[in-house]
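Visitor: Those sequence lines, one after another, are chains P and Y. Using this note's numbering, the letters of the first sequence map in sequence onto residues 1 to 506. Using this note's numbering, the letters of the second sequence map in sequence onto residues 507 to 1012. Every residue, glycine too, gets a C-beta built ideally from N, C-alpha and C. Can you read through this structure? Questions will come right after.
Protein chains: 2
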Amino acid sequence: MTPTPTGYSALEKLTQRIHHLQHLSAIVGWDEAVMMPEGGSESRAGAMAELNVMIHEAYNGPEIPEILARAKDDTADESDPWRRANVREFERVWKTQTCLPADFVEKVTLACMRSEQAWRELRSKNDWKGFKPLFSEVLKLKREEAAIRAQVTGLSRYDSMLEIYDPGMRTESLQRTFADLESFLPEFIPAVVEQQRADRVERPRGPFPAERQRALGTELMKAVGFDFKHGRLDVSHHPFCGGVPRDVRITTRYREDDFTQGLMGVLHETGHAKYEQGLPQPWLAHPVGASRGMAFHESQSLFMEMQVARSREFLEFAAPAIRRHMAPSAGDSDPAYEAENLRRLFTRVNPSYIRVEADEVTYPCHVILRFNLERALIGGDLSLDDLPGEWDARMKSGLGLSTLGNDKDGCMQDVHWPAGLFGYFPSYTLGAIIAAQLMAALEKDHPSLRSEVAAGDFAGMNAWLRKAVWSQGSFFTTDELLRKATGAPLGTEPFKNHLRRRYLDG
Amino acid sequence: MTPTPTGYSALEKLTQRIHHLQHLSAIVGWDEAVMMPEGGSESRAGAMAELNVMIHEAYNGPEIPEILARAKDDTADESDPWRRANVREFERVWKTQTCLPADFVEKVTLACMRSEQAWRELRSKNDWKGFKPLFSEVLKLKREEAAIRAQVTGLSRYDSMLEIYDPGMRTESLQRTFADLESFLPEFIPAVVEQQRADRVERPRGPFPAERQRALGTELMKAVGFDFKHGRLDVSHHPFCGGVPRDVRITTRYREDDFTQGLMGVLHETGHAKYEQGLPQPWLAHPVGASRGMAFHESQSLFMEMQVARSREFLEFAAPAIRRHMAPSAGDSDPAYEAENLRRLFTRVNPSYIRVEADEVTYPCHVILRFNLERALIGGDLSLDDLPGEWDARMKSGLGLSTLGNDKDGCMQDVHWPAGLFGYFPSYTLGAIIAAQLMAALEKDHPSLRSEVAAGDFAGMNAWLRKAVWSQGSFFTTDELLRKATGAPLGTEPFKNHLRRRYLDG
């Protein structure tokens, strides 16, 4: 028998168990979304609940405070900064996981489950009145949660919710960043719409069998560097990137009348997947080996989708493959498959109600609206009675669209709030901004990047991202990581430059 | 907070956790065999090992003896026999799981893993000498294991190994049963071979695309009652039936030059699956809700494959579907797809070296040989030096085939011994015998069975099996269950009658 480990090695033993439990959770969760027959859900729910209890137990061992204190002592010198960062990350995650009383967590979980379940039906019925009481309960509990988290973290209530998804992200920085976009977009969007008015765009005509879309997606995934020895592509109702770093499972869904969404979805998830596949190998079982929060994760999917896949150069490279798989008999004659037409198709800007269908130019308006409203909701400055009206007013001023009486396409459109995920939305636009900032830095270091992309050579791009982002895990804070990678703090200029170049100068 | 449960409810809480852990193990194990990319194996091995540790911990809680004692008190009256049986089954499984010291289990597991891994390579090289030292270590430890189990159970060494797979099964009963077959088969086999000599059998000519074999398998699975709301069919290197009762995952593999093995494999696993799907719903999370051991499990797969799927009546029903999927363009003219030809094809008897490829007539010879040899190995009456020679001698006397110098098709052919699974082999032939006994009883209760099968109507058959076997879980012992279902103890007459009717009178 080996002696019971103490200090840093005890911490490692603990995080390894948690890591393994999370591995099981990731694979079984993927199975549930992708493979499980419908009749299996009840017994699966029981097994998953047990697994969550075990993860909860692992984080709540009474010996952890002492293990943590000793681990800090063990790593106090400067000799191994990764071990020290590992202790720091464990402590952060541990506090997030344990700061709420167990019976409160149970109450919140139940309320969110009920609300999310009801939302699925009530949204399709546009029934805000029916949904409000359930959502009100969620909001009440989430306000309580924010208050508890604020006390533990010493942050403001909303910041303590942001902290769950993006450690170090603060309202003040977001307000500054978003205010800048709010002064930029209201002129930029109409200018793009006006310029695109004259563009002739040919829509490829289907049907596009799922099998062929899958073959196209797989070919392009391989081309951009997805490692199929350590991952899979499958189908699920809601696309996601799951699994574990050594076995990343991405999913998509295929519409047989339109391949464009499915294809961009695959490339988006491929961006997430490459981040996971590129995380630092020796640290995968440890907190410091995890990805650096949701904004950076989203930056990797949007780098792949927005910076790369919708670019002129990528579509020059991909057009022949798209044509070969999507129109195998049409030959070279169909103008819909010309690179320039595909570029227009994949960069079309069109203000619309639904965030998940939005183009990259109008997308930030959707996120900023939610950021402002959810801050007010959590802060208690906005009541649910006023939410639909506020949503409508902001959609009108931001995108010129009214959602009055159309709550299913308004404040009921996203799953996040019904499921209690307050503080998540900003990550999407932060991701877009970081992606543009990374691309600007990468192009400066690597001036031949665009011609390499046009030639289907992604090695230089991947090597840069691996070194700058993927292999860093959670060693740095978000801010440090961004500064190290790009030489600058979070800033909107690269994003605005990207939009100008693509949509006005292009 | 709810008070800590005591007595029977504490036992239920414990078995529920174990049940959930086993659910995770089943799904993640299935994923590993069916879905996981090769690069995922190392990190998966870590997660699976952790899960095994947690299952081990769950069985080894220091409070269990007291919980068990109280649960026995709670269920001592006659009012709820299922609860009482549940306590009995828990105690049995618990003893099996905990009777070996933890460090011994670790040693055995490691030795078996090494031996099995080496076997995969050394078997293909026919290298018995290279394999012997590794196998010798496994055998040494398995002898020790049998000695410990014998002490705990009060059984003989080999019986205590049988007990793992088939509670209540004893060497004496097996010897009697097998002796009867050993006096029957040596005359029967040559008579069948002689009678079949004149049969003209047309082999369907491929290729048979996997997709079409899958469609055929799925159609026949549905017809015989596999519930796809609670299960799936997939592909793996070694076919198996996995998952959980509410979500049964069977697998097969397809050879494009021969659909017959894949098809019978699917129907075999479907038999296992229907047993799992038919287990008593309210007891699925409890030990008494599990299937009644390997012999009964094998009886259900062999009932489906041998009693039903290879019968004249089933093939009359299935021939049009087989023709439609396997020869869609050949039309009605290809004589290979006539029911009578398919019957001959699926009942061909041919003494051969390899157990897994054996027909149902020669199969028992393979099992009896292993039963006799493994008893001697565990008992210390046979040394590994003498094993190849003994194998050869018994193959010669049983099937007229020599394996001298051909150990890869002799004593090295199966994974069971290299993996340390001593005591498992008898279940296969017990299953065949029980299947025949069940069919004889079913036909007596339900005289129209064969005409229903020929018409593709399996409702009566399934209702009978559900009532007699599936829904009984582990409430009865194997012997009781068989007597209740068939009115008789284990006996070879129905099996011999079945063979006579199919192979000599048919």
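(1) Tell whether a beta-carbon distance below 8 Å holds between residue 564/Y and residue 527/Y.
(2) Taking Cβ positions, are residue 300/P and residue 272/P nearer each other than 8 Å?
(3) DSSP three-state call for residue 907/Y: helix, strand or coil?
(4) In chain Y, what lies closer than 7 Å to residue 274/P by C-beta?
(5) Using 8 Å as the limit for Cβ to Cβ distance, is residue 549/Y near chain P?
(6) From the DSSP secondary-structure annotation, give me the bridge partner or partners of residue 235/P.
(7) Tell me whether the stretch 117-135 of chain P and the stretch 408-417 of chain P touch, counting them as touching only if at least three CB pairs, one residue from each stretch, are closer than 8 Å.
(8) Give the single residue among 755/Y, 717/Y, 723/Y whose Cα lies nearest to the Cα of residue 735/Y.
(9) Within its chain, find whatever has a CB closer than 6 Å to the CB of residue 169/P; leave out the 5 residues flanking it on each side and keep chain order.
(10) Return helix, strand or coil for residue 99/P, following the three-state DSSP convention.
(11) Could you please tell me which residues of the stretch 228-248 of chain P, in chain order, have their CB closer than 7 Å to any CB of chain Y?
(12) In this structure, does DSSP put residue 199/P in helix, strand or coil?
(13) Does chain P have any CB closer than 8 Å to the CB of residue 515/Y?
(14) From which residue to which residue does the beta strand (DSSP E) around residue 750/Y run?
(15) What residues in its chain sit with their C-beta under 8 Å from that of residue 843/Y, if we drop five residues either side in the sequence?
(16) Closer than 9 Å by beta-carbon distance: list the chain Y residues that pair up with residue 17/P, in chain order.
(17) Could you check whether residue 417/P and residue 446/P sit closer than 8 Å to each other, using their CB atoms as the reference points?
(18) For residue 36/P, return the contacting residues in chain Y, with the cut-off set at a CB-CB distance below 7 Å.
(19) Cβ of residue 1005/Y less than 8 Å from any chain P Cβ?
(20) Keeping to the same chain, check which residues put their C-beta closer than 6 Å to that of residue 294/P; ignore five residues upstream and five downstream.
(21) Report buried or exposed for residue 785/Y, applying the criterion of at least 16 other Cβ atoms within 10 angstroms of its Cβ.
(22) Assign residue 274/P to buried or exposed, taking buried as 16 or more other Cβ atoms, counted over all protein chains shown, within 10 Å of its Cβ.
(23) Counting pairs of Cβ atoms below 8 Å between the stretch 606-618 of chain Y and the stretch 571-585 of chain Y, do you hit three or more?
(24) Rounded C-beta distance between residue 764/Y and residue 712/Y? I'm assuming under 8 Å.
(25) Quick one: which residues of the stretch 701-725 of chain Y get their C-beta closer than 9 Å to a C-beta of chain P? List them in chain order.
(26) What did DSSP end up calling residue 227/P once you bin it into helix, strand or coil?
(27) Measuring alpha carbon to alpha carbon, tell me which residue in 23/P, 235/P, 363/P is nearest residue 182/P.
(28) Applying the 10 Å Cβ sphere with the 16-neighbour rule, what's the burial state of residue 595/Y?
(29) Quick test of the definition: if touching needs 3 or more C-beta pairs under 8 Å, does the stretch 553-560 of chain Y touch the stretch 17-37 of chain P?
(30) Measuring only between beta-carbons, confirm whether residue 833/Y sits less than 8 Å from chain P.
(31) Express the C-alpha separation of residue 724/Y and residue 775/Y in angstroms, rounding to a whole number.
(32) With a cut-off of 8 Å on the beta carbons, I'd call residue 392/P and residue 383/P a contact; round off their distance for me.
(33) Compare the C-beta of residue 283/P against all C-beta atoms of chain Y and say whether one is closer than 8 Å.
(34) Identify whether residue 159/P lies in helix, strand or coil by the three-state DSSP scheme.
(35) How is residue 221/P classed by DSSP in three states: helix, strand or coil?
(36) When you compare the stretch 443-462 of chain P with the stretch 130-143 of chain P, are there three or more beta-carbon pairs, one atom per stretch, that lie closer than 8 Å?
Guide: In terms of the structure at hand:
(1) For residue 564/Y and residue 527/Y, yes; Cβs fall inside 8 Å.
(2) Yes, Cβ-Cβ distance for residue 300/P and residue 272/P is below 8 Å.
(3) coil
(4) Near residue 274/P there are no residues of chain Y at all, since even the closest Cβ is about 14 Å away, more than 7 Å.
(5) Yes, its Cβ sits closer than 8 Å to a Cβ of chain P.
(6) 252/P
(7) yes
(8) 755/Y
(9) 162
(10) coil
(11) 228, 229, 230, 231, 232, 244, 246, 247
(12) coil
(13) Residue 515/Y has a beta carbon lying at 8 Å or more from every beta carbon in chain P.
(14) Counting along the chain, residue 750/Y sits inside the beta strand (DSSP E) bounded by residues 747-750.
(15) 710, 825, 828, 829, 832, 833, 836
(16) Neighbours of residue 17/P in chain Y, taken as residues at a C-beta separation under 9 Å, are given in chain order as 556, 559, 560.
(17) no
(18) 753
(19) No, because no Cβ of chain P sits closer than 8 Å to the Cβ of residue 1005/Y.
(20) 165, 166, 427
(21) buried
(22) buried
(23) no
(24) 7 Å between Cβ atoms; contact.
(25) none
(26) coil
(27) With distances taken between Cα atoms, residue 182/P lies closest to 363/P.
(28) buried
(29) At 8 Å Cβ cutoff, the stretches touch.
(30) no
(31) 12 Å
(32) 15 Å between Cβ atoms; not a contact.
(33) no
(34) helix
(35) helix
(36) no
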